[in-house]
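*Asks:* Using this note's numbering, the first residue of the sequence shown is number 53, and each one after it goes up by one.
I'd like to ask you about the structure that follows.
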Amino acid sequence: MAEQQPIIISPHARFEMLRRGIATAEIVAVVRRPEQVLPSRKGRAIYQSKSGPAGRLLLRVVV
53 MAEQQPIIIS PHARFEMLRR GIATAEIVAV VRRPEQVLPS RKGRAIYQSK
103 SGPAGRLLLR VVV
(Lines of atoms letter the chains of each structure in order from A; the text may use other names.)
(Lines give C-alpha, C1' and ligand atoms only; values in the text may rest on other atoms or scores of the structure.)
Protein backbone atom coordinates (compact mmCIF):
# COMPACT_ATOMS: atom_id res chain seq x y z
CA MET A 53 0.00 0.00 0.00
CA ALA A 54 1.34 3.45 -0.91
CA GLU A 55 2.30 5.77 1.91
CA GLN A 56 -0.16 8.62 2.42
CA GLN A 57 0.96 12.22 2.68
CA PRO A 58 0.74 13.73 6.15
CA ILE A 59 -2.16 16.06 6.85
CA ILE A 60 -1.01 19.44 8.15
CA ILE A 61 -3.64 21.39 10.06
CA SER A 62 -3.04 25.14 10.27
CA PRO A 63 -3.29 27.04 13.57
CA HIS A 64 -6.44 28.77 12.29
CA ALA A 65 -8.03 25.42 11.42
CA ARG A 66 -7.11 24.00 14.85
CA PHE A 67 -8.72 27.03 16.52
CA GLU A 68 -11.92 26.53 14.51
CA MET A 69 -11.93 22.78 15.24
CA LEU A 70 -11.70 23.48 18.98
CA ARG A 71 -14.35 26.19 18.80
CA ARG A 72 -16.75 23.93 16.88
CA GLY A 73 -15.97 20.69 18.71
CA ILE A 74 -14.59 18.87 15.67
CA ALA A 75 -12.13 16.04 16.33
CA THR A 76 -8.93 15.61 14.33
CA ALA A 77 -10.10 12.12 13.37
CA GLU A 78 -13.17 13.61 11.67
CA ILE A 79 -10.98 15.95 9.58
CA VAL A 80 -8.63 13.12 8.62
CA ALA A 81 -11.58 10.93 7.59
CA VAL A 82 -12.97 13.65 5.30
CA VAL A 83 -9.58 14.36 3.72
CA ARG A 84 -8.81 10.67 3.15
CA ARG A 85 -12.29 9.70 1.87
CA PRO A 86 -14.44 12.71 0.94
CA GLU A 87 -17.96 12.11 -0.31
CA GLN A 88 -17.55 15.08 -2.65
CA VAL A 89 -14.73 17.35 -3.84
CA LEU A 90 -15.58 20.83 -5.10
CA PRO A 91 -13.31 23.39 -6.76
CA SER A 92 -12.54 26.53 -4.80
CA ARG A 93 -10.66 29.74 -5.37
CA LYS A 94 -6.89 30.14 -5.51
CA GLY A 95 -6.39 26.56 -6.71
CA ARG A 96 -7.85 25.07 -3.55
CA ALA A 97 -10.46 22.34 -3.22
CA ILE A 98 -13.25 21.74 -0.73
CA TYR A 99 -13.51 18.16 0.54
CA GLN A 100 -16.83 17.47 2.18
CA SER A 101 -18.76 14.63 3.79
CA LYS A 102 -21.92 14.28 5.83
CA SER A 103 -21.30 13.85 9.55
CA GLY A 104 -23.03 13.85 12.90
CA PRO A 105 -26.28 12.20 13.96
CA ALA A 106 -28.01 10.67 10.93
CA GLY A 107 -25.62 12.55 8.63
CA ARG A 108 -27.37 15.84 9.29
CA LEU A 109 -24.18 17.91 9.44
CA LEU A 110 -21.87 18.74 6.55
CA LEU A 111 -18.16 18.81 7.36
CA ARG A 112 -16.13 20.82 4.83
CA VAL A 113 -12.33 20.90 4.71
CA VAL A 114 -10.49 23.38 2.48
CA VAL A 115 -7.24 21.98 1.07
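Built from N, CA and C at the ideal position, the CB exists for glycine as well.
Using a threshold of 9 Å, state whether the C-beta atoms of valine 114 and isoleucine 98 are closer than that.
*Replies:* yes
*Asks:* Nearest to leucine 90 by alpha carbon, out of Leu111, Ile61, His64, Pro58?
*Replies:* Leu111
*Asks:* Note the first and the last residue of the continuous beta strand (DSSP E) segment covering valine 115.
*Replies:* Run containing valine 115: none; DSSP gives neither H nor E here.
*Asks:* With a Cβ-Cβ cutoff of 9 Å, do threonine 76 and isoleucine 61 count as a contact?
*Replies:* yes
*Asks:* Cα-Cα, which of Arg93, Ile79, Lys94, Met69 is closest to glutamine 100?
*Replies:* When only C-alpha atoms are compared, the closest one is Ile79.
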